[in-house]
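Going by UniProt numbering, the sequence shown opens with residue 1, and the numbers climb by one from there. Every residue gets a Cβ at the ideal spot worked out from N, C-alpha and C, and that includes glycine. To start, the structure under review is shown below, and the notes come after it.
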Amino acid sequence: MTWFGSPDDPSSGDARGALVRVLSSDRGRTAGAGVYLSGRRLLTCAHVINLALGLRSLSPHNPGEVTLDVSFPVLSAVDLHQARLVAWIPPRSPQYGPVADGSLEWDGDLAVLELDEAPPPPVSPVRWLEMERGQQVRAWYGGGQPFSYADARVGAYDGRICYLDGQLSGAAVDEGYSGGPLWSVTDRAAVGLVVGRITAPDGVFSAQHTLRRSWGLGWQSVLRELARVGAAPEHVNGNRERSAATLAEAESVRDMMVGPLHSLLGDPRARADHATVLAAQLALRAPGDGSAPTVEELAHLLSGTERALPTLAESLAPKVADDPRGRAELDRLLALGRLTEAARLLSVAEHRALVVKLEHLTEHDPGLLPRAATAALPYVDLPRSLQAARLAPSAVPAVVHELEGWYGDGSPVPDESPRLPALLRVVEYVAAETSGDLARQALREWSARVAARLGIHSSALQERRGDADRWSRRSAPAGVRVLVELDRYAKDPADHYRCSVWRLRPDGTPARAASESDRPRTGREIARLIREVAGGAEGAGDGVALVAVSVPPDALELALDEWDGAGAEEYISARLGEDFHLVLRCPKIRRRSRTGPADLKRRWNARHQSDTLLADHRIGGRAGLIGLLKTTHRDTARVLVHGSTEHRGELLPVCLVMGVPVVLWDRAVPGPDDCAPLDALAPHGPVDGLPERVRHFRVRAYADRAVPARPALVWEDIELPLPDELQLADPSEGTERTG
Numbered sequence: 001m002t003w004f005g006s007p008d009d010p011s012s013g014d015a016r017g018a019l020v021r022v023l024s025s026d027r028g029r030t031a032g033a034g035v036y037l038s039g040r041r042l043l044t045c046a047h048v049i050n051l052a053l054g055l056r057s058l059s060p061h062n063p064g065e066v067t068l069d070v071s072f073p074v075l076s077a078v079d080l081h082q083a084r085l086v087a088w089i090p091p092r093s094p095q096y097g098p099v100a101d102g103s104l105e106w107d108g109d110l111a112v113l114e115l116d117e118a119p120p121p122p123v124s125p126v127r128w129l130e131m132e133r134g135q136q137v138r139a140w141y142g143g144g145q146p147f148s149y150a151d152a153r154v155g156a157y158d159g160r161i162c163y164l165d166g167q168l169s170g171a172a173v174d175e176g177y178s179g180g181p182l183w184s185v186t187d188r189a190a191v192g193l194v195v196g197r198i199t200a201p202d203g204v205f206s207a208q209h210t211l212r213r214s215w216g217l218g219w220q221s222v223l224r225e226l227a228r229v230g231a232a233p234e235h236v237n238g239n240r241e242r243s244a245a246t247l248a249e250a251e252s253v254r255d256m257m258v259g260p261l262h263s264l265l266g267d268p269r270a271r272a273d274h275a276t277v278l279a280a281q282l283a284l285r286a287p288g289d290g291s292a293p294t295v296e297e298l299a300h301l302l303s304g305t306e307r308a309l310p311t312l313a314e315s316l317a318p319k320v321a322d323d324p325r326g327r328a329e330l331d332r333l334l335a336l337g338r339l340t341e342a343a344r345l346l347s348v349a350e351h352r353a354l355v356v357k358l359e360h361l362t363e364h365d366p367g368l369l370p371r372a373a374t375a376a377l378p379y380v381d382l383p384r385s386l387q388a389a390r391l392a393p394s395a396v397p398a399v400v401h402e403l404e405g406w407y408g409d410g411s412p413v414p415d416e417s418p419r420l421p422a423l424l425r426v427v428e429y430v431a432a433e434t435s436g437d438l439a440r441q442a443l444r445e446w447s448a449r450v451a452a453r454l455g456i457h458s459s460a461l462q463e464r465r466g467d468a469d470r471w472s473r474r475s476a477p478a479g480v481r482v483l484v485e486l487d488r489y490a491k492d493p494a495d496h497y498r499c500s501v502w503r504l505r506p507d508g509t510p511a512r513a514a515s516e517s518d519r520p521r522t523g524r525e526i527a528r529l530i531r532e533v534a535g536g537a538e539g540a541g542d543g544v545a546l547v548a549v550s551v552p553p554d555a556l557e558l559a560l561d562e563w564d565g566a567g568a569e570e571y572i573s574a575r576l577g578e579d580f581h582l583v584l585r586c587p588k589i590r591r592r593s594r595t596g597p598a599d600l601k602r603r604w605n606a607r608h609q610s611d612t613l614l615a616d617h618r619i620g621g622r623a624g625l626i627g628l629l630k631t632t633h634r635d636t637a638r639v640l641v642h643g644s645t646e647h648r649g650e651l652l653p654v655c656l657v658m659g660v661p662v663v664l665w666d667r668a669v670p671g672p673d674d675c676a677p678l679d680a681l682a683p684h685g686p687v688d689g690l691p692e693r694v695r696h697f698r699v700r701a702y703a704d705r706a707v708p709a710r711p712a713l714v715w716e717d718i719e720l721p722l723p724d725e726l727q728l729a730d731p732s733e734g735t736e737r738t739g
């Protein structure tokens, strides 16, 4: 394959795109080399880590989570990146003991480092193959200088270590080469790792002395060692053993690609145009003379280079949109790609766009992707990272890589068209659960483009989109719903309130549970009353109870959630905010608008589609907020209020009067706009999960004094009746009295 060249060498590709330089702790020298695996992971030798830290090179002691400086020669020798030690396999003797200084060989001696973020192109993983005796291999000094290459032959390999015999001319493997990849020139793949060299004894040189012999670990040995400590890479080409039969099968697939490629790109000019675009996407060099690669060269690239086939299909799909025969040939080509390990599902651009979108969404709502994947793929054994309740943004690339491997949606499709891949189904569920029109639309447009490129019938995508929408509108199993009204008279003692309590039966009808408006009560007394009502109601064990408290306008900042209803004999406190979805309502403010009920209904019904409005000092005060809620945010259902007590006192009534059903603020913020403390509860995340996220946050905040935030949440569910509406009901119907 000569038309496509690597970025640094147009004539031949090698491993320098994955070569890593490991620096000493003083940054004054090269301690050794390493190799980029994938994602954020690097591989090197444990003794290279010891040398970098100034320790005895063969020390078996784990240095802990140390951070080292590394660089990528293909980028820049001075552009340093920090990498943290995450896996340690110490040098050990064959008897599993320490290795003495001067030993000629040993086992183990591997280390895995993790970067803060994945390196940029042209850094890229190498392809890995099993080591075999007789392979011609090449190694580089950690600094990556082109002239530093050392060529050798695998003279012996026993499945444990390999011996390398170097040529008498050129460079020899020496200090600074350890930890770097052994590159098979013929196979164009890495087959092992450099570990050490065997030097002649001191004294007069003899013709009997070993000359230019070094040794290393074959890829099979490296994988076994990494698997022992749970650090085997999941997404590195070559993890599976490649037998002669496997290689023959790969060659057969490559040969079968030639036919559809001839049909699609038989014209050399069209082939040159598409191949040039493909080379640019893959960070490869293409000749500038207008020539085209042969169809066989193109097939070789598509069958062995990650994302090459879907990237080519991305540029071909629009050309065959109205050509059934061309579309059939492209489908045939994509089907052949599924028989290879390299093709993957997404093109380079599609993959990059999706990862960026999902990382951003995951940062704001860590539970979104696991939640959506669980619902979208209920019968699939999800990756371990998706089985957790929360996902870190750094884990998104690996999750996408895993989901790409599941091609088939089990549901029927029309006209024998391709099935919807599992990844696209998950993306549709993520989009349905995403708060904000722009983010949702961007995901759906991405999904539609990929589906069109794959030849998926539009009705199949629309059906899954409908499934996702229905799931997003789901109602969580309702726990007990308790309605509370607080009021006070002018002569009542401070911090005392009169209280009435109702509970809603499972069919939604109200039942008076308690009326204690005859005398003012303390917060502790009211909390105990609410606990008794919620705990004694039918279905009390079916979920977290919703306690909706209607308060007078001057009590919106009241710390109701901190009222403790635990009895004197109870060991654990029972704050209302810990045990219930405690939310606020303020009917007296709500009713100060003629259009209030209609506004509330419209906004509540749009809560899954509308964006969150941030109301801070930049909003322009009361007039600015009114203007936004009347124009660009007419359907906004959620407002996040930040600012001082005075600022909140000005904006909260506006939100309530104009029918905003969900209002969140931090009542502990006395000064300007510090919104960071509430970021932990994902205020922009799925709206229906907000009461539960607030409850979780309160539990943590009560236990940790370092968390100063105290969230308050107005939650006006239009299906919940207001207390004065309940007062008009016949008191003889279902009246219950407690306490």
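Hey, is residue i's beta-carbon within less than 8 Å of any beta-carbon in chain D?
{"i": "Ala349", "result": "Absent here is chain D; the protein component of the structure consists of one chain."}
Let me check understanding here. Comparing Cα to Cα, which of the options lies closest to residue i?
{"i": "Ala615", "options": "Pro90, Thr636, Arg602 and Pro383", "result": "Thr636"}
{"i": "Asn62", "options": "Trp88, Val400 and Gly17", "result": "Trp88"}
{"i": "Arg390", "options": "Tyr379, Ala372, Gly405 and Val380", "result": "Ala372"}
{"i": "Met131", "options": "Phe147, Tyr157 and Ala152", "result": "Tyr157"}
{"i": "Glu363", "options": "Pro683, Val191 and Asp381", "result": "Pro683"}
{"i": "Pro677", "options": "Ala706, Cys655 and Arg695", "result": "Ala706"}
{"i": "Leu58", "options": "Arg21, Val380, Asp107 and Asp79", "result": "Asp107"}
{"i": "Thr340", "options": "Ala189, Leu358 and His300", "result": "His300"}
{"i": "Cys655", "options": "Ala189, Thr631, Val687 and Arg622", "result": "Arg622"}
{"i": "Arg528", "options": "Phe580, Glu557 and Gly28", "result": "Phe580"}
{"i": "Ala152", "options": "Arg512, Ala46 and Ser184", "result": "Ser184"}
{"i": "Ala33", "options": "Gly689, Asp101, Ile530 and Leu182", "result": "Leu182"}
Any idea what DSSP makes of residue i, helix, strand or coil?
{"i": "Pro723", "result": "helix"}
{"i": "Gly32", "result": "strand"}
{"i": "Tyr702", "result": "helix"}
{"i": "Ser71", "result": "strand"}
{"i": "Cys499", "result": "strand"}
{"i": "Val178", "result": "For the sequence presented, residue 178 should be read as Ser rather than Val. Of the three classes helix, strand and coil, the one that applies to Ser178 here is coil, per DSSP."}
{"i": "Ile89", "result": "strand"}
{"i": "Asp365", "result": "coil"}
{"i": "Leu53", "result": "coil"}
{"i": "Trp471", "result": "helix"}
{"i": "Arg352", "result": "helix"}
{"i": "Ala77", "result": "coil"}
{"i": "Asp109", "result": "strand"}
{"i": "Tyr429", "result": "helix"}
{"i": "Pro268", "result": "helix"}
{"i": "Arg84", "result": "strand"}
{"i": "Gln281", "result": "helix"}
{"i": "Arg138", "result": "strand"}
{"i": "Pro324", "result": "helix"}
Does the ligand MG have even one heavy atom less than 7 Å from the beta-carbon of residue i?
{"i": "Val356", "result": "As presented, the structure is devoid of all ligands, the ligand MG included, so that no description of it is given."}
Do residue i and residue j have their CB atoms nearer than 8 Å?
{"i": "Glu562", "j": "Val699", "result": "no"}
{"i": "Leu19", "j": "Trp215", "result": "no"}
{"i": "Val320", "j": "Val295", "result": "no"}
{"i": "Val430", "j": "Leu369", "result": "yes"}
{"i": "Gly71", "j": "Leu53", "result": "The sequence as given places Ser at residue 71; Gly does not occur at that position. Cβ distance not < 8 Å, so Ser71 and Leu53 don't count as in contact."}
{"i": "Cys547", "j": "Ala534", "result": "A quick correction: the sequence has Val, not Cys, at residue 547. Yes, they are a contact pair."}
{"i": "Tyr149", "j": "Arg213", "result": "no"}
{"i": "Ser347", "j": "Pro310", "result": "yes"}
{"i": "Ala15", "j": "Leu23", "result": "no"}
{"i": "Val74", "j": "Val123", "result": "yes"}
{"i": "Val112", "j": "Arg224", "result": "no"}
Taking DSSP's pairing of strands, which residues face residue i in a bridge?
{"i": "Gly166", "result": "Ala152"}
{"i": "Ala189", "result": "Ser184"}
{"i": "Ser347", "result": "In the DSSP output, where bridge partners are listed per residue, Ser347 has none listed."}
{"i": "Ser550", "result": "Glu485 and Arg585"}
{"i": "Ser38", "result": "Arg41"}
{"i": "Trp128", "result": "Ala190"}
{"i": "Gly216", "result": "Cys162 and Val194"}
- Would you list, in sequence order, the uninterrupted beta strand (DSSP E) runs of no fewer than 3 residues that lie entirely inside the region 663–698? Whole beta strand (DSSP E) segments, 3+ residues: zero.
- Message: Could you tell me which whole alpha helix (DSSP H) segments of length 4 or greater appear in the region 571–648?
- Response: 576–579, 587–590, 596–605 and 621–630
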